[in-house]
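First up is the structure itself, then whatever we jot down about it.
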Amino acid sequence: MKLATFRQPDSDAAYPGATFAAVITSVHPEDPEVAVRAVALPDCRDVGEYLTATPEEQREMVEGALRAAQADRSLLLDTSGLVYDTLVPFPTKVFCVGLNYTNHIDETGLDRPEHPTLFAKFPQSLTGALDPIEVPEEDHRVDYEGELCIVVGEPGRRIAVEDAPEHIAGYAVANDISMRGFQGRTSEWLQGKVWEASTPVGPWLVTPDEFSADARVLTHVNGELRQEDRVADVVFSPAELVSYASQLITLNPGDLILTGTPAGVALARRDAEGRRPWLRPDDVVEVEITGLGRQRNELV
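For the sequence shown, this note's numbering begins at -15 and goes up steadily by one.
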């Protein structure tokens, strides 16, 4: 199952800016990373709110919405007329993992970590899968990091690795946009990672039964492939990350864990003149993961 949070276009006079959760019912036949039709879930403002419901309530919401759409085809929404909002706009926690893909560790020249390298983001750092991202006047060294994002479903503390899959509601695409100038000011990374509305998550949450461990993450900048790797080529698996994070603090429904980025970031690249290809205004960054959809964010 695929779930999304949509925002009413500003042109909608009745409810401009209002958000709602929806189940994706069909994707484009020639491009499965693009949704075509969706059905709104009743009285549910976003996917995070959906995840706080009990499993029985979730099932009733989805089955009821689909039954209603079968009876009344006008309830099938054309997603081209909607705007993807932040998938989970108000998670209680956003964990991020550094140095997890083996090829990214190699390009940094750092040692393979013994334990997950964690840092945090805040809900205001999140944004939608198609929203513009600002190049801040304070830091022009803006980098991309295409990532797999874990979305927590069942709450838990001190979760065993073997039990962790039961606590995962699904997976999503994320881009850990990083302001490298601020990130490099100190040994702590947070100040380069939490800028306002800089981390797109979505477009969809895809439940684990529809997600393959052989999926690939790809990042393009202006159509040029910059990153490509299997999401399984990591030091710490999703189950291990959920277990580790839950040792520190209780995980709640809708909490996010960004699982790290593969090789190919701008920080590790140089052009013929020795310059790093930082993101600039008018650049377009696209991140997709097989079966999870595609983000497309323009830098402004």
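Ideal Cβ placement from N, Cα and C applies to all residues, glycine included.
Here the structure is a predicted model, which means the values were calculated and not measured.
Suppose the cutoff is 7 angstroms on Cβ atoms and the five residues either side in sequence are ignored; what does the same chain contact list for A53 look like? Cβ within range, chain order: V23, L59 and L60.
When you compare only the Cα positions, how much space is there between T9 and E129? 29 angstroms
Along the alpha helix (DSSP H) that carries V201, what are the first and last residues, could you check? Counting along the chain, V201 falls outside any alpha helix (DSSP H), though it belongs to the beta strand (DSSP E) covering R200 to V205.
Check whether P139 and Q279 have beta carbons under 9 angstroms apart: no
Which whole-angstrom value describes the C-beta separation of L132 and T243, a residue pair presumed to lie in contact below a C-beta threshold of 8 angstroms? 5 angstroms
Are the beta-carbon atoms belonging to M241 and C80 less than 9 angstroms from one another? Residue identity check: residue 241 is Ile in the sequence provided, not Met. Going by C-beta atoms, I241 is nearer than 9 angstroms to C80.
By DSSP, does L83 sit in helix, in strand, or in coil? coil
Residues near G82 by beta carbon distance below 6 angstroms, same chain, minus five either side: T101
Complete alpha helix (DSSP H) runs within the segment 151 to 234 (minimum length 4 residues, chain order): 164 to 167 and 222 to 232
So what's P16 in DSSP terms, helix, strand or just coil? strand
Could you tell me the distance, in whole angstroms, from the CA atom of N87 to the CA atom of E40? Between the alpha carbons of N87 and E40 lies a gap of roughly 42 angstroms.
Would you mind working out which of V20, T(-11), D115 and V249 sits nearest E33, comparing C-alpha positions? T(-11)
Would you mind sorting G93 into buried or exposed? The rule is 16 or more other CB atoms within 10 Å of its CB. exposed
List the residues that DSSP assigns as beta-bridge partners of Q304. Beyond the ends of the chain as shown, which are -15 and 284, falls residue 304; an answer cannot be given.
Going by beta-carbon coordinates alone, are D239 and P16 separated by less than 9 angstroms? no
Assigned secondary structure, V31 (DSSP; H/G/I helix, E/B strand, else coil): helix
DSSP state of T63, grouped into three classes? Assigned with DSSP and collapsed to three states, T63 falls in helix.
Are the beta-carbon atoms of V7 and L25 separated by less than 9 angstroms? Yes, they are a contact pair.
Distance between beta carbons of A223 and T274, contact taken as under 8 angstroms: T274 to A223, Cβ: 19 angstroms. No contact.
Based on the DSSP output, what are the partners of V11 in its beta bridges? A19
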